[in-house]
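J.: Numbering (numbering that gives the first Met the number 0), first residue to last: 0 to 908.
Each residue gets a CB set at the ideal place from its N, CA and C atoms; glycine is no exception.
Attaching a single structure in structure tokens format; questions to follow.
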Amino acid sequence: MAKDALIWFFITISMFCASYPEPLEYNGLCMNMVIHREENLSKLENCTVVIGNLEIENHDFKNISFPKLTEVTGFMVLYQVFGLETLGNLFPNLARIRGNSLLNNYALIVYDVSDLREVGLHNLLKIDRGGVIIWGNPLTCFVDTIDWDAIAPRSRHVLSIPDRQALCNFPCTCSDVSARNRCWNNRKCQRFLEGPEGEDCNSQCLGCRNTNHSSCSLCRNYSYRGECVPRCPDDTFILSASNYCITKAECLQLSHWIFNEYCVSECPEDYKEETNNGTVSCVFCKDCHLICNNLDIQSLSKIQDAERCVYVHGYLKIHIWSEPQIVDELNYYLKNIEEVSDYVLIYSSMQITSLHFLSSLKRIKGEKLYNGSYSFVVHNMQNLQSLFLPNVTQNLKVDNGFLGIYQNRMLCMTEIEKLKSKFPIGPPEIDVYSDRLNGYGAGCGEISANLTIDVKNETFAIATFYPSKESNVHYSLLYVKISHGSHISIVPESCSDAEWSAVDIQNTNKKAVKIELSALKPATTYAVCIEKYNTKSRHLARSNITNFTTAVGKPELPFILELVASSFNAIVIRWVNHLDYRPFITKYELDVILVDIDDRDINVRDHCVLMDDDLFEIDYSRHAKVMRPPNNYEKGCESTCGILSSVTKGSMVEEYFDVCSVINGCDYEIDRPGNSSYRDIIQSLILDLIDHKNNSYQVADLLPYRDYRFHLRACTADHCSRSARGVVRTLRLDSADVASITVAKANKSGYIDVKWDPPLQTNGPLLSNTIEVYSDAQIYDIKHLLPQTLCVPGNATSSIMKSKVAEKYLIRICTTTLGNTYICSEWKKVLVSTENESSWWWYGMLLGIILPMFSCILGWHLTVRIKETENIPLVDATFTMRQESEAPATMFTDFMPSNYIALSNLHFK
Numbered sequence: 000m001a002k003d004a005l006i007w008f009f010i011t012i013s014m015f016c017a018s019y020p021e022p023l024e025y026n027g028l029c030m031n032m033v034i035h036r037e038e039n040l041s042k043l044e045n046c047t048v049v050i051g052n053l054e055i056e057n058h059d060f061k062n063i064s065f066p067k068l069t070e071v072t073g074f075m076v077l078y079q080v081f082g083l084e085t086l087g088n089l090f091p092n093l094a095r096i097r098g099n100s101l102l103n104n105y106a107l108i109v110y111d112v113s114d115l116r117e118v119g120l121h122n123l124l125k126i127d128r129g130g131v132i133i134w135g136n137p138l139t140c141f142v143d144t145i146d147w148d149a150i151a152p153r154s155r156h157v158l159s160i161p162d163r164q165a166l167c168n169f170p171c172t173c174s175d176v177s178a179r180n181r182c183w184n185n186r187k188c189q190r191f192l193e194g195p196e197g198e199d200c201n202s203q204c205l206g207c208r209n210t211n212h213s214s215c216s217l218c219r220n221y222s223y224r225g226e227c228v229p230r231c232p233d234d235t236f237i238l239s240a241s242n243y244c245i246t247k248a249e250c251l252q253l254s255h256w257i258f259n260e261y262c263v264s265e266c267p268e269d270y271k272e273e274t275n276n277g278t279v280s281c282v283f284c285k286d287c288h289l290i291c292n293n294l295d296i297q298s299l300s301k302i303q304d305a306e307r308c309v310y311v312h313g314y315l316k317i318h319i320w321s322e323p324q325i326v327d328e329l330n331y332y333l334k335n336i337e338e339v340s341d342y343v344l345i346y347s348s349m350q351i352t353s354l355h356f357l358s359s360l361k362r363i364k365g366e367k368l369y370n371g372s373y374s375f376v377v378h379n380m381q382n383l384q385s386l387f388l389p390n391v392t393q394n395l396k397v398d399n400g401f402l403g404i405y406q407n408r409m410l411c412m413t414e415i416e417k418l419k420s421k422f423p424i425g426p427p428e429i430d431v432y433s434d435r436l437n438g439y440g441a442g443c444g445e446i447s448a449n450l451t452i453d454v455k456n457e458t459f460a461i462a463t464f465y466p467s468k469e470s471n472v473h474y475s476l477l478y479v480k481i482s483h484g485s486h487i488s489i490v491p492e493s494c495s496d497a498e499w500s501a502v503d504i505q506n507t508n509k510k511a512v513k514i515e516l517s518a519l520k521p522a523t524t525y526a527v528c529i530e531k532y533n534t535k536s537r538h539l540a541r542s543n544i545t546n547f548t549t550a551v552g553k554p555e556l557p558f559i560l561e562l563v564a565s566s567f568n569a570i571v572i573r574w575v576n577h578l579d580y581r582p583f584i585t586k587y588e589l590d591v592i593l594v595d596i597d598d599r600d601i602n603v604r605d606h607c608v609l610m611d612d613d614l615f616e617i618d619y620s621r622h623a624k625v626m627r628p629p630n631n632y633e634k635g636c637e638s639t640c641g642i643l644s645s646v647t648k649g650s651m652v653e654e655y656f657d658v659c660s661v662i663n664g665c666d667y668e669i670d671r672p673g674n675s676s677y678r679d680i681i682q683s684l685i686l687d688l689i690d691h692k693n694n695s696y697q698v699a700d701l702l703p704y705r706d707y708r709f710h711l712r713a714c715t716a717d718h719c720s721r722s723a724r725g726v727v728r729t730l731r732l733d734s735a736d737v738a739s740i741t742v743a744k745a746n747k748s749g750y751i752d753v754k755w756d757p758p759l760q761t762n763g764p765l766l767s768n769t770i771e772v773y774s775d776a777q778i779y780d781i782k783h784l785l786p787q788t789l790c791v792p793g794n795a796t797s798s799i800m801k802s803k804v805a806e807k808y809l810i811r812i813c814t815t816t817l818g819n820t821y822i823c824s825e826w827k828k829v830l831v832s833t834e835n836e837s838s839w840w841w842y843g844m845l846l847g848i849i850l851p852m853f854s855c856i857l858g859w860h861l862t863v864r865i866k867e868t869e870n871i872p873l874v875d876a877t878f879t880m881r882q883e884s885e886a887p888a889t890m891f892t893d894f895m896p897s898n899y900i901a902l903s904n905l906h907f908k
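Shown next, in the form of structure tokens:
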């Protein structure tokens with residue numbers, strides 16, 4: 000089918016190639032480029048922006064490159080190009096295709112390029128409008144490894160798979176998460192503008208270089224001379240096709256003209272083009288009718304033909320099978336149509352659910368009729384549920400022709416009846432009124448069931464209704480989850496993402512029937528209705544849709560998107576809420592707790608000996624936790640989040656994994672810690688964030704290179720959720736970790752006494768101190784010699800070390816912390832002191848003379864005393880008054896009363 004759908008390609012290419020004039024280039028701005036002749040290459044070589052379309056075909060472009068080209072405002076086609084293996088070499092800097100004009104709904108088409116190995120447009124960031132076709136390229140790999148929806152959102156893409164001989168076995172290595180592992184080839188990863196992978200650029204950029212955040216790939220506002228600017232300079236004008244700021248001379252060179260500070264190629268709505276003396280201008284014309292001939296809209300590119308149409312001279316046909324953005328395009332381009340001279344035919348368009356896009360339609364003349372009878376025909380519209388807006392239906396005038404509406408399964412007769420009276424001739428019943436022609440797939444009949452809902456708790460409700468007493472009738476209850484505050488208009492058979500649930504009601508004999516609705520979700524809004532089906536007449540009818548919301552209860556925890564250290568003393572947290580609980584959140588509770596390491600735990604390990612080389616490797620994941628939320632949470636903001644838009648370099652965006660559902664251990668909550676501090680250091684901090692609309696907060700005045708634990712809870716008026724948790728480390732402070740020497744002394748023996756004050760601020764715990772010493776012999780060759788070192792524990796503030804004997808030394812103290820492996824103080828010069836040493840020498844000599852003299856005198860005195868008193872004490876060792884608890888060698892209670900007898904009075908015989 001896709002191959003058949005591309006048959007138009009050959010015909011269209013031929014028409015474009017025959018109709019375009021020679022390429023025009025001026026100051027890097029080029030008009031429509033069709034490159035099928037070698038002489039046109041020189042014009043494309045200097046192009047920065049192609050205003051219009053770029054078509055390349057039938058040429059050998061091997062080894063040719065156009066690095067200056069960054070933007071195409073229309074569409075881009077490559078067809079039957081030979082020798083081209085990658086577009087990355089041909090257009091290495093192409094960043095944007097605006098799609099102002101399309102080739103049958105598509106902005107980028109690469110078709111029948113036989114040698115193409117990869118698309119390779121690694122700098123392509125945005126396709127504003129239109130889809131992508133990569134088809135008929137048998138050797139092209141890496142087609143399915145690109146997220147084309149991120150580049151060209153809300154568009155249809157036609158992508159072919161390569162032949163087997165292409166050997167596309169090269170894996171992407173851009174992310175560990177398969178859903179985000181996107182690449183152009185095995186060397187170039189896909190770049191993103193939005194989401195956590197969005198590039199961190201300055202405020203004027205949408206995309207930029209990793210090495211320079213001010214080097215913009217795309218501009219957010221305007222571009223002037225290769226720079227992104229918030230507004231154009233005073234002497235320039237805005238090129239309407241691309242928001243470039245150009246001079247008047249450049250505008251005229253492009254065959255454009257100036258209007259209201261813009262460089263335009265056609266006048267806007269309610270203005271007409273007027274030429275005076277060769278000068279083109281736009282002149283206001285009230286009720287200026289722009290006449291268009293027959294409009295046959297079958298693609299997005301054809302819709303543009305109706306942009307300024309007010310009066311359609313002929314018919315208006317709309318037949319677009321399935322294009323995701325078709326309704327928005329119809330609303331924009333068909334909003335001005337007021338009158339159709341012949342007929343309106345709308346058929347087989349899947350995405351259209353109403354005709355509200357014809358918001359200005361006032362008259363259908365019916366000068367020529369469809370099939371000779373009809374002036375307004377709608378058929379085979381699978382999802383059409385309503386016709387015109389009420390004001391259009393009320394004021395519409397139809398001069399001639401029948402109304403033909405059939406084979407529209409979702410369109411009820413009540414809608415058709417509103418339009419029937421506007422036609423001068425009533426439609427044949429076979430065209431409108433058969434129940435097998437319209438509304439046969441919808442519950443168009445309405446019943447009065449007096450449906451009421453009684454909400455019992457967070458997950459349970461009772462529905463009550465009053466059935467009729469008809470026979471052959473079967474009742475069902477239908478309900479579906481909807482977003483808060485919405486008023487649902489879809490029905491169960493329509494093409495939508497809503498998943499309706501049905502409850503079969505068996506017993507309807509009672510006057511009032513009650514149906515239990517269990518397993519509901521808390522804080523969730525549901526739409527509910529009663530369906531009645533008559534088995535005999537096969538008639539389906541429904542009651543009006545009633546909405547109800549279950550009780551809130553305990554809310555789900557918030558989801559932490561980013562926990563990022565923005566500086567050495569500040570951490571930023573950003574979060575989103577669960578979609579069901581978002582309207583009920585009144586405040587948040589945030590607890591911040593320092594994860595400190597006790598000094599005793601630090602000193603258990605000898606950091607002077609057991610040095611871990613991996614300890615000081617930079618681990619960026621410690622400074623930034625970035626998570627992608629699950630589907631039932633709000634989406635994160637894009638790359639314009641203000642302070643939170645810049646995530647620490649090197650941090651990985653992680654996929655959400657519900658650990659709690661696996662371990663079942665997250666419901667336990669500890670009490671809030673309270674505000675506490677120790678030695679002027681904040682140990683814990685509790686905050687109540689009452690601004691429930693603000694989902695980000697910055698916590699400041701923290702310590703550098705410390706881990707902090709965050710607990711975040713979302714609260715309703717009655718309950719708070721369990722905590723969302725995360726741990727992140729502040730950044731390193733460059734000026735920290737510097738100790739200061741207070742005392743440094745050295746003697747002639749080579750002993751050095753050093754005392755120091757520890758650093759005022761440290762990057763994490765202080766692990767060790769190292770004293771470095773150079774002697775005077777080494778001072779003059781300090782760059783080539785290693786110093787003598789002594790390592791001491793981190794809690795030490797003084798030390799004595801033995802060095803070589805010298806007259807002077809250079810000394811400094813170096814610290815090792817968790818965040819820095821070696822930070823040193825300034826060198827301090829120390830001279831050897833001699834005063835104290837000589838005085839000690841004299842003291843030693845005097846002591847050596849005095850001490851022997853004192854010993855001699857003391858000995859002589861004792862000898863004289865012994866001769867004078869030779870008394871012997873008589874002691875009774877069995878004396879009963881002895882106290883064993885006293886030291887016997889020193890207690891006088893061990894001695895009895897003594898009688899002294901002089902030896903000289905003893906006479907022996």
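To the nearest angstrom, report how far apart residue 50 and residue 201 are at their CA atoms.
T.: Numbered from 1 along the sequence shown, position 51 holds the residue referred to as residue 50. Numbered from 1 along the sequence shown, position 202 holds the residue referred to as residue 201. About 27 angstroms.
J.: How would you call residue 627, buried or exposed, if buried means at least 16 neighbouring beta carbons within 10 angstroms?
T.: As a first step, residue 627 must be located in the sequence shown, where it is residue number 628. Flag for residue 627 reads buried.
J.: How should residue 460 be labelled, buried or exposed, when 16 other C-beta atoms within 10 angstroms of its C-beta is the threshold for buried?
T.: Taking the first residue of the sequence shown as position 1, residue 460 is located at position 461. Residue 460 comes out buried.
J.: Could you work out which residue in 386, 199, 773 and 405 is closest to residue 379 when comparing CA atoms only?
T.: Translated into positions along the sequence shown, residue 379 becomes position 380. If we check each option's Cα against that of residue 379, 405 comes out closest.
J.: Cutting at 7 angstroms between CB atoms, please list the residues of its own chain near residue 510, excluding the five before and the five after it.
T.: Here residue 510 refers to the residue found at position 511 when the sequence shown is read from its first residue. Within the same chain, residue 510 has close Cβ partners 465.
J.: Are the region 715-732 and the region 670-689 in contact at 8 angstroms, needing three or more beta carbon pairs?
T.: Not touching, per the Cβ criterion.
J.: Over what stretch of residues does the beta strand (DSSP E) that includes residue 350 continue unbroken?
T.: On the sequence shown, position 351 is the one that residue 350 refers to. Counting along the chain, residue 350 falls outside any beta strand (DSSP E), and DSSP gives it neither H nor E.
J.: Is the distance from the Cβ of residue 217 to the Cβ of residue 225 below 7 angstroms?
T.: In the sequence shown, residue 217 corresponds to position 218, counting from 1. In the sequence shown, residue 225 corresponds to position 226, counting from 1. No, the Cβ-Cβ distance between residue 217 and residue 225 is not below 7 angstroms.
J.: What would DSSP say about residue 583, mapped onto helix, strand or coil?
T.: The residue labelled residue 583 in the question sits at position 584 within the sequence shown. Residue state, collapsed to three classes: helix.
J.: Go through its chain and collect everything with a Cβ distance to residue 228's Cβ below 6 angstroms, but skip five positions before and after it.
T.: Against the sequence shown, residue 228 aligns to sequence position 229. 221, listed in sequence order.
J.: Quick one: residues in its chain with C-beta nearer than 8 angstroms to the C-beta of residue 547, no 5 flanking neighbours on either side, listed in chain order?
T.: Taking the first residue of the sequence shown as 1, we reach residue 547 at position 548. Once the five neighbours on either side are set aside, the close Cβ partners of residue 547 are 452, 454, 460, 524, 525 and 527.
J.: If you draw a straight line from the C-alpha of residue 143 to the C-alpha of residue 570, how long is it?
T.: Here residue 143 corresponds to residue number 144 of the sequence shown, with the count starting at 1. Here residue 570 corresponds to residue number 571 of the sequence shown, with the count starting at 1. Answer to the nearest angstrom: the Cα atoms are 39 angstroms apart.
J.: Look up residue 225 in the DSSP assignment and say whether it is helix, strand or coil.
T.: Along the sequence shown, read from residue 1 onward, the residue named residue 225 stands at position 226. Three-state DSSP puts residue 225 in coil, outside helix and strand.
J.: Does the contact criterion of 3 or more C-beta pairs under 8 angstroms hold for the region 409-427 versus the region 515-524?
T.: Contact fails: fewer than three Cβ-Cβ distances are below 8 angstroms.
J.: Thinking C-beta only, is residue 758 closer than 7 angstroms to residue 736?
T.: The residue you call residue 736 lines up with position 737 of the sequence shown. The residue you call residue 758 lines up with position 759 of the sequence shown. Yes, these two residues count as a Cβ contact at 7 angstroms.
J.: Starting from residue 248, trace the alpha helix (DSSP H) in both directions and tell me its first and last residue.
T.: Here the question's residue 248 lines up with position 249 in the sequence shown. Start and end: 247-252.
J.: Residue 810 and residue 829 look like a contact to me (Cβ under 8 angstroms); what is the Cβ gap, rounded to whole Å?
T.: For this step, residue 810 is matched to residue 811 along the sequence shown. For this step, residue 829 is matched to residue 830 along the sequence shown. Sure, about 6 angstroms apart at Cβ, within 8 angstroms.
J.: Return the bridge partner residues of residue 56 from the DSSP annotation.
T.: If you number the sequence shown from 1, residue 56 lands on position 57. BP columns for residue 56 point to 78.
J.: In three-state DSSP terms, what is residue 723?
T.: Here residue 723 refers to the residue found at position 724 when the sequence shown is read from its first residue. Three-state DSSP puts residue 723 in a strand.
J.: Could you have a look at residue 71 and say whether DSSP puts it in helix, strand or coil?
T.: Position 72 of the sequence shown, counting from 1, holds the residue named residue 71. Strand.
J.: CA-CA distance, residue 173 and residue 188?
T.: Here residue 173 is taken as the residue at index 174 of the sequence shown, counted from 1. Here residue 188 is taken as the residue at index 189 of the sequence shown, counted from 1. In a straight line, the C-alpha of residue 173 is about 6 angstroms away from that of residue 188.
J.: Which same chain residues end up closer than 8 angstroms to residue 552 when comparing Cβ atoms and leaving out the 5 residues on each side of it in sequence?
T.: By one-based count along the sequence shown, residue 552 stands at place 553. For residue 552, where only same-chain residues beyond five positions count, the Cβ hits under 8 angstroms are 456, 457, 521, 522 and 718.
J.: Mind reading off the beta-carbon distance from residue 305 to residue 444? Whole number of angstroms is fine, and I expect it under 8 angstroms.
T.: Residue 305 sits at position 306 when you count from the first residue of the sequence shown. Residue 444 sits at position 445 when you count from the first residue of the sequence shown. Contact flag wrong, Cβ pair sits at about 37 angstroms.
J.: Can you tell me whether residue 853 is helix, strand or coil according to DSSP?
T.: Within the sequence shown, residue 853 is the residue found at index 854, counting from 1. Here residue 853 sits in helix by DSSP.
J.: Taking 7 angstroms as the threshold (C-beta atoms), are residue 400 and residue 365 in contact?
T.: Translated into the one-based positions of the sequence shown, residue 365 becomes position 366. Translated into the one-based positions of the sequence shown, residue 400 becomes position 401. Going by C-beta atoms, residue 365 is nearer than 7 angstroms to residue 400.
J.: Straight-line CA distance for residue 329 to residue 449?
T.: Here residue 329 refers to the residue found at position 330 of the sequence shown. Here residue 449 refers to the residue found at position 450 of the sequence shown. Near 39 angstroms, if we compare the C-alpha coordinates of residue 449 and residue 329.
J.: Please name the residue or residues paired with residue 108 in a DSSP beta bridge.
T.: Start at 1 with the first residue of the sequence shown, and residue 108 comes out as number 109. Paired residues: 76 and 132.
J.: In terms of alpha-carbon separation, which member of 761, 672 and 670 lies closest to residue 703?
T.: In the sequence shown, the residue the question calls residue 703 occupies position 704. Checked all of 761, 672 and 670; the closest Cα to residue 703 is 761.
J.: How many angstroms separate the CA atom of residue 483 from the CA atom of residue 578?
T.: Working through the sequence shown from its first residue, we reach residue 483 at position 484. Working through the sequence shown from its first residue, we reach residue 578 at position 579. Whole-angstrom Cα-Cα distance: 9 angstroms.
J.: For residue 307, name the three-state secondary structure that DSSP assigns.
T.: The residue given as residue 307 occupies position 308 in the sequence shown. It is coil, neither helix nor strand.
J.: Under 8 angstroms by Cβ, that's how I've got residue 741 and residue 813 pegged, so tell me the actual separation to the nearest angstrom.
T.: Translated into positions along the sequence shown, residue 741 becomes position 742. Translated into positions along the sequence shown, residue 813 becomes position 814. About 16 angstroms; that fails the 8 angstroms criterion.
J.: Counting pairs of beta carbons, one from the region 331-344 and one from the region 368-375, are three or more of them closer than 8 angstroms?
T.: The region 331-344, when compared against the region 368-375, does touch it at the 8 angstroms Cβ threshold.
J.: On a Cα-Cα basis, can you pick out the residue from 155, 267 and 531 that is closest to residue 350?
T.: As a position in the sequence shown, residue 350 is number 351, starting the count at 1. The option with the nearest alpha carbon to residue 350 is 155.
J.: Rounded to whole angstroms, what's the CA-CA distance from residue 565 to residue 773? Just pull it up for me.
T.: Indexing the sequence shown from 1 puts residue 565 at position 566. Indexing the sequence shown from 1 puts residue 773 at position 774. Rounded to whole angstroms, residue 565 to residue 773 spans 40 angstroms at the Cα level.
J.: Do the region 87-97 and the region 105-124 touch if we need at least three Cβ pairs shorter than 8 angstroms?
T.: The region 87-97 is in contact with the region 105-124.
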